[in-house]
Amino acid sequence: MVVTNWGCSDVDNDLIKVPTDICIMPSNDPIGSIVDAVYPSLLQKYNDPTYLQERAILTPKNETVHELNDTIMKMIQGEGRTYFSSDNVCKASVNTNDEDLLYPTELLNSLRFPGITNHEVQLKVGTPVMLLRNLNQSEGLCNGTRLIVTHLGSWSISANIISGKIIGSKVTIPRIIMSPNDSKWPFKLNRRQLPVAPCFAMTINKSQGPSLNHVGLYLPK
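For this note's numbering, add 2 to where a residue sits in the sequence shown, where the first one is 1.
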């Protein structure tokens, strides 16, 4: 395991002291440093399922996960495609017929919720992704399952499972309708999108379950 230097401070006695030999030294590019440490030779090996299966960067916040994954996605080569969601307000959740005026599409597209795919999802062939919904448990398609993208369709993707009990199985992931379980907004959002997200990096909570041999812990201030 490697840790970015922010977690290695011993100034405050209330902080956990992490041994310096597993810390990455300070640099002007902390994201680049943690990526190099966890994914060495990434451009040559990102199509290797075994290489991707055993490593990940962990961080506490979803916002940082998106930043890390976006950075790595820009680094790797390969066929790419951007998928955009179709968002609308569940009419049963509002007491007005003017929901289109009150909640325009641009607003709905900008919303982000834990456990819900973003409006815009960029994928490439060879990208490791995590499933965010239970689709078919008998086929290993459970929330938290990790896969590698093998084909990018217009409304679905094909992928190989790299975690769980059915490693190696080839599956198709379609777009589905997702809604957040808990929201501060006075309406229920229906988002039709692929229920996956890139998982070069993931939250610490999402890492529970899979076995990882190479882990980087990214703890920005």
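All C-beta atoms, glycine included, are put in the ideal place defined by N, C-alpha and C. Please read all numbers here as calculations on a predicted model, not as lab measurements.
Cβ of residue 189 within 8 Å of Cβ of residue 59? By 1-based counting over the sequence shown, the position of residue 189 is 187. By 1-based counting over the sequence shown, the position of residue 59 is 57. Contact: no.
Can you give the Cα-Cα distance for residue 170 and residue 163, rounded to whole angstroms? On the sequence shown, position 168 is the one that residue 170 refers to. On the sequence shown, position 161 is the one that residue 163 refers to. Answer to the nearest angstrom: the Cα atoms are 5 Å apart.
Just grab the DSSP bridge partners of residue 91 for me. As a working note, residue 91 is residue 89 in the sequence shown. Answer is 191, bridged to residue 91.
Quick one: give me the first and last residue of the alpha helix (DSSP H) that residue 85 is part of. The residue you call residue 85 lines up with position 83 of the sequence shown. Taken as a continuous stretch (DSSP letters only), residue 85 belongs to no alpha helix (DSSP H), being part of the beta strand (DSSP E) at 82 to 86.
Buried or exposed (CB count within 10 angstroms, at least 16 for buried), residue 193: Residue 193 sits at position 191 when you count from the first residue of the sequence shown. Buried is the call here.
Nearest-angstrom Cα separation, counted from residue 215 out to residue 133: Position 131 of the sequence shown holds residue 133. Position 213 of the sequence shown holds residue 215. Approximately 21 Å between the Cα atoms of the pair.
Which residues in the same chain as residue 80 place their Cβ atom closer than 7 Å to its Cβ, once the five residues preceding and following it in sequence are excluded? Indexing the sequence shown from 1 puts residue 80 at position 78. So the list reads 126, 127 and 128, once near-sequence residues are dropped.
For residue 8 and residue 187, I'd like the C-alpha separation in whole angstroms. As a first step, residue 8 must be located in the sequence shown, where it is residue number 6. As a first step, residue 187 must be located in the sequence shown, where it is residue number 185. Bear in mind that a pLDDT of 47 at residue 8, under 50, signals an unreliable position, so the model cannot answer this.
Counting C-beta neighbours from all protein chains within 10 Å, is the total for residue 22 16 or more, i.e. buried, or is it exposed? Counting from one through the sequence shown, the residue named residue 22 turns up at place 20. When all chains shown are included, residue 22 counts as exposed.
Of the listed residues 36, 130 and 155, nearest to residue 222 (C-alpha basis): Taking the first residue of the sequence shown as 1, we reach residue 222 at position 220. Of the candidates 36, 130 and 155, the one whose C-alpha sits nearest the C-alpha of residue 222 is 36.
Based on the DSSP secondary-structure assignment, which residues constitute the bridge partners of residue 151? Numbered from its first residue, the sequence shown carries residue 151 at position 149. Answer by DSSP bridge pairing, in chain order: 161.
Leaving out five residues before and five after residue 119 in sequence, what residues of the same chain have Cβ atoms less than 8 Å from its Cβ? Taking the first residue of the sequence shown as position 1, residue 119 is located at position 117. Excluding sequence neighbours, residue 119 sits near 87, 134, 180, 193, 195, 196, 197, 198 and 199.
Taking residue 71 as the reference, which of 18, 136, 131 and 52 has the closest Cα? Taking the first residue of the sequence shown as 1, we reach residue 71 at position 69. Among 18, 136, 131 and 52, the Cα nearest to that of residue 71 is on 131.
With DSSP run on the structure shown, which of helix, strand or coil describes residue 119? By one-based count along the sequence shown, residue 119 stands at place 117. Residue state, collapsed to three classes: coil.
Which value, in whole angstroms, describes the spacing of the CA atoms of residue 54 and residue 103? Within the sequence shown, the letter at position 52 stands for residue 54. Within the sequence shown, the letter at position 101 stands for residue 103. Roughly 45 Å separates the two Cα atoms.
Would you identify the three-state DSSP class for residue 67, choosing helix, strand or coil? In the sequence shown, residue 67 corresponds to position 65, counting from 1. Residue state, collapsed to three classes: helix.
Checking the sheet assignment: what are the DSSP bridge partners for residue 57? The residue given as residue 57 occupies position 55 in the sequence shown. Answer is 216.
Identify whether residue 124 lies in helix, strand or coil by the three-state DSSP scheme. Residue mapping note: residue 124 aligns to position 122 of the sequence shown, counting from 1. Note: residue 124 maps to strand in three-state DSSP.
Span of the alpha helix (DSSP H) around residue 2: Residue 2 falls outside the range modelled here, since the chain spans only 3 to 223, and no answer is possible.
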